[in-house]
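Asks:
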Amino acid sequence: KLVYVLNGPNLNRLGKREPEIYGSQTLDDIAALLVERGEALGCEIEMRQSNHEGHLVDWLHEAQDESAHAVLLNAGAYTHTSVALLDAIRSISVPVIEVHLSNPHTREPFRHTSWVGQAAKGTIAGFGAQSYLLALEAAAAL
Ligand code: DQA
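Residues in the sequence shown are numbered from 19 upward in steps of one, following my numbering.
Right, dumping it as structure tokens:
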């Protein structure tokens, strides 16, 4: 089962970026955890990160073209702004699971709206790096 894990803006700075909110693990650390758990679950992980909205759109289309089993998407701040990502998720049939390290609902009001969440199969948020592993479990079980 091929699982794309797509990460949006500023997530390349995980570990250094507001560690009191996002934790001390880097995106590479999370990738390693996902690959290890993926092996146990029969999932191959395709991990990507970009600070550019259009790359995330292109990769969602690619996940469809590659017949991926699921996509885990942490769109970062684009979660709260991007109609293009909402439309991209609606343009594919691969299920997309929205992932966040923090729980946006406990934070600033502008984080309470998720465009991604309006098209996602489901959302896992608030568990730090563990959010990704929980989302992978959910993806594997789909
Ligand atoms: C985030 C939450 C977003 O509100 C924020 O813009 C991020 C990270 C998270 O994983 O908690 O960049 O997606």
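Glycine included, C-beta positions come from ideal geometry on N, C-alpha and C.
Along the chain, where does the alpha helix (DSSP H) containing I39 start, and where does it finish?
Replies: Numbered from 1 along the sequence shown, position 21 holds the residue referred to as residue 39. Segment P37 to Y40, the alpha helix (DSSP H) holding I39.
Asks: Drop a sphere of 10 angstroms on the beta-carbon of N121, count the other beta-carbons inside from all chains shown, and report buried for 16 or more, exposed for fewer.
Replies: Taking the sequence shown and counting its residues from 1, one reaches residue 121 at position 103. N121 comes out exposed.
Asks: With C-beta atoms as the reference, is R55 less than 7 Å away from L151?
Replies: Here residue 55 is taken as the residue at index 37 of the sequence shown, counted from 1. Here residue 151 is taken as the residue at index 133 of the sequence shown, counted from 1. Yes, these two residues count as a Cβ contact at 7 Å.
Asks: Grouping DSSP H, G and I as helix and E and B as strand, with all else coil, what is E84?
Replies: Here residue 84 refers to the residue found at position 66 when the sequence shown is read from its first residue. In the three-state DSSP reduction, E84 falls in the coil class, being neither helix nor strand.
Asks: Helix, strand or coil: which one does DSSP assign to I63?
Replies: Locating residue 63 in the sequence shown gives position 45, where the first residue counts as 1. Residue state, collapsed to three classes: strand.
Asks: Straight-line CA distance for R129 to V112?
Replies: Against the sequence shown, residue 129 aligns to sequence position 111. Against the sequence shown, residue 112 aligns to sequence position 94. If you take the alpha carbons of R129 and V112, they lie about 25 Å apart.
Asks: If you follow the alpha helix (DSSP H) that E126 is part of, which residue opens it and which one closes it?
Replies: The count along the sequence shown starts at 1 and reaches residue 126 at position 108. That residue, E126, is in no alpha helix (DSSP H); it is neither H nor E in DSSP.
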